[in-house]
Amino acid sequence: MSDRLAVLPQYLLPKQALTSFAGWVAGKERGAVTTWIIRRFVDKYGVDMSEALASDIASYRSFNEFFTRALKPGMRPIADADLVAPVDGAISQFGPIEGDQIFQAKGHSYSTTALVGGDAALAGRFEHGSFATLYLSPRDYHRIHMPCDGRLLRMTYVPGELFSVNPATARGVPGLFARNERVVCVFESARGPFVLVLVGATIVGSMATVWHGVVNPPRPGEIRQWRYDDQQVALKKGEEMGRFLLGSTVVLLFPSPPVTFNPDWAPARPIRLGETMANYVAS
0 MSDRLAVLPQ YLLPKQALTS FAGWVAGKER GAVTTWIIRR FVDKYGVDMS EALASDIASY
60 RSFNEFFTRA LKPGMRPIAD ADLVAPVDGA ISQFGPIEGD QIFQAKGHSY STTALVGGDA
120 ALAGRFEHGS FATLYLSPRD YHRIHMPCDG RLLRMTYVPG ELFSVNPATA RGVPGLFARN
180 ERVVCVFESA RGPFVLVLVG ATIVGSMATV WHGVVNPPRP GEIRQWRYDD QQVALKKGEE
240 MGRFLLGSTV VLLFPSPPVT FNPDWAPARP IRLGETMANY VAS
């Protein structure tokens with residue numbers, strides 16, 4: 000079966016209703032029922048609870064609390080590199096931005112302007128730059144960390160679809176990451192601006208940042224923006240910046256000249272938070 004046919008049911012599913020219901024269920028505290036749900040999830044997806052700060056499944060009051068669990072200190076050392084992986088997960092795609100086009104999967108690309116919610120001036124700063132798209136599976140640690148030191152300039156909520164973001168859907172839905180609901184975070188670093196986009200998906204109950212808290216819901220159906228130019232929201236490399244309540248994808252944009260990615264990186268390769276992602280081209 001082709002990927003396009005495989006994702007056809009997603010066009011028909013009531014994705015918004017399913018997502019709202021999943022968010023409601025995941026936030027409930029139901030004692031033994033919650034523990035049973037978490038245990039089934041751990042067994043199904045092979046979650047390594049030995050890495051969690053709270054390894055006892057029964058200690059989590061809600062599924063969301065379990066899903067956004069913290070890791071034990073020292074579990075993810077931060078590499079001595081200009082840019083480090085901001086999440087546990089797998090590489091979807093990475094490489095140069097061809098003009099303003101980001102490669103999604105064979106036969107599919109999308110524009111930086113579409114990804115950042117229509118802001119052509121912002122997108123223009125990343126022409127011929129670099130991108131990385133990183134997929135978080137259900138078993139992964141779901142907090143998102145900084146790839147480098149950065150000062151927050153603005154955050155934009157962009158409404159959109161809620162397709163799944165698994166590899167098959169990325170191959171089957173054109174412009175997937177610029178169609179789904181997303182939160183676009185713009186930072187300034189010592190080497191210029193960079194963008195970190197949190198992409199929503201089916202049953203992703205919400206996305207949250209450390210400076211704002213939960214961004215969605217509500218889902219107002221229109222673009223919303225918060226500016227931080229006059230504030231000192233500064234985060235260090237490896238520091239937590241946000242989290243998904245149920246899994247999704249992160250897309251990163253870096254300006255020209257293109258960075259030099261870790262030679263060990265390849266599409267579908269598993270990654271760990273803190274490992275070397277890339278280094279800047281020597282000037």
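All the letters of the sequence shown, read from the start, carry residue numbers 0 to 282 under the working numbering.
Heads up, the beta-carbon is just placed ideally off N, CA and C, and yes, glycines get one too.
- prompt: Span of the beta strand (DSSP E) holding Gln90?
  reply: What you label residue 90 is simply residue 91 of the sequence shown in a count that begins at 1. In the sequence as presented, Gln is not what sits at residue 90; that position holds Ile. Note, Ile90: beta strand (DSSP E), 88-95.
- request: Compute the beta-carbon to beta-carbon distance between Phe93 and Ala131, rounded to the nearest angstrom, for a pair I have assumed lies under 8 angstroms.
  value: Here residue 93 is taken as the residue at index 94 of the sequence shown, counted from 1. Here residue 131 is taken as the residue at index 132 of the sequence shown, counted from 1. Phe93 to Ala131, Cβ: 4 angstroms. Contact.
Bridge partner(s) assigned by DSSP for His144: For the purposes of this step, residue 144 is taken as residue 145 along the sequence shown, with counting starting at 1. Bridge partners of His144: Glu239.
Among Ala78, Leu234, Asn63, Ile96, the one whose alpha carbon lies nearest that of Val209: The residue you call residue 209 lines up with position 210 of the sequence shown. Minimum Cα distance to Val209 is reached at Leu234.
message: Which residues does DSSP list as the beta-bridge partners of Pro192?
response: Within the sequence shown, numbered from 1, the residue matching residue 192 stands at position 193. In DSSP, Pro192 forms a bridge with Glu187.
Simplified DSSP state of Phe20, which is helix, strand or coil: In the sequence shown, the residue the question calls residue 20 occupies position 21. With a pLDDT of 48 at Phe20, under the threshold of 50, the predicted position of this residue should be treated as unreliable, though the coordinate-derived value follows. Note: Phe20 maps to helix in three-state DSSP.
query: Using 8 angstroms as the Cβ pair cut-off and three pairs as the minimum, do the stretch 171-186 and the stretch 150-161 touch?
result: Yes, the stretch 171-186 is in contact with the stretch 150-161.
task: Provide the residue(s) that pair with Phe260 in DSSP beta bridges, ordered along the chain.
output: Along the sequence shown, read from residue 1 onward, the residue named residue 260 stands at position 261. Assignment of beta-bridge partners to Phe260 by DSSP yields Ala277.
message: I'd like to check one pair, His141 with Phe243: are the Cβ atoms closer than 9 angstroms?
response: Position 244 of the sequence shown, counted from the start, is the residue given in the question as residue 243. Position 142 of the sequence shown, counted from the start, is the residue given in the question as residue 141. Result yes, Cβ atoms of Phe243 and His141 sit closer than 9 angstroms.
- request: Can you tell me which of the three DSSP states Phe125 falls into?
  value: Stepping through the sequence shown from its first residue, residue 125 is reached at position 126. Phe125 falls in the coil class under three-state DSSP.
field: Length of the line joining the Cα atoms of Pro219 and Ala281
entry: Position 220 of the sequence shown, counted from the first residue, corresponds to residue 219. Position 282 of the sequence shown, counted from the first residue, corresponds to residue 281. In a straight line, the C-alpha of Pro219 is about 44 angstroms away from that of Ala281.
Residue nearest to Tyr109 in terms of C-alpha spacing, selected from Gly174, Phe162, Pro95: Taking the first residue of the sequence shown as 1, we reach residue 109 at position 110. Relative to Tyr109, the option among Gly174, Phe162, Pro95 whose CA is nearest is Gly174.
query: Do you know how far the Cα of Ala113 is from the Cα of Leu161?
result: Along the sequence shown, one-based indexing puts residue 161 at 162. Along the sequence shown, one-based indexing puts residue 113 at 114. The straight-line gap from Cα to Cα measures roughly 16 angstroms.
query: Ordered along the chain, which non-local residues of its own chain (more than five positions away) have a Cβ less than 7 angstroms from that of Phe20?
result: Position 21 of the sequence shown holds residue 20. Here the model assigns Phe20 a pLDDT of 48, short of 50, so the residue's position is not dependable, and the following value carries that caveat. Listed in chain order, the non-local C-beta contacts of Phe20 below 7 angstroms within the same chain number zero, local neighbours out to five positions each way being set aside.
task: Go to Phe162, then tell me how far its alpha helix (DSSP H) extends in each direction, as first and last residue.
output: Residue mapping note: residue 162 aligns to position 163 of the sequence shown, counting from 1. Looking at the DSSP string, Phe162 is not in any alpha helix (DSSP H), and its letter there is neither H nor E.
query: From the DSSP output, which residues share a beta bridge with Leu175?
result: Here the question's residue 175 lines up with position 176 in the sequence shown. DSSP, once it has assigned bridges, lists no residue as partnering Leu175.
message: Taking the alpha carbon of Arg138 as the reference point, which residue from Phe65, Leu251, Glu274 has its own alpha carbon closest?
response: Residue mapping note: residue 138 aligns to position 139 of the sequence shown, counting from 1. Distance check between Arg138 and each of Phe65, Leu251, Glu274 places Phe65 closest, using alpha-carbon atoms only.
- request: Pull up the DSSP beta-bridge partners for Gln100, would you.
  value: Within the sequence shown, residue 100 is the residue found at index 101, counting from 1. According to DSSP, Gln100 bridges with Glu97, Ser110.
- request: Take Pro269 as the anchor and find which of Gly88, Glu28, Ile222 has the nearest alpha-carbon.
  value: One-based indexing of the sequence shown puts residue 269 at position 270. The option with the nearest alpha carbon to Pro269 is Gly88.
query: With 16 as the cutoff for other CB atoms within 10 Å, does Pro254 come out buried or exposed?
result: By 1-based counting over the sequence shown, the position of residue 254 is 255. Buried, by the Cβ-count rule.
- request: Just confirm the distance between the C-beta atoms of Ala80 and Leu272, as a whole number of angstroms; I'd bet it's less than 8 angstroms.
  value: The count along the sequence shown starts at 1 and reaches residue 80 at position 81. The count along the sequence shown starts at 1 and reaches residue 272 at position 273. Actually they do not touch by this definition, with Cβ atoms about 13 angstroms apart.
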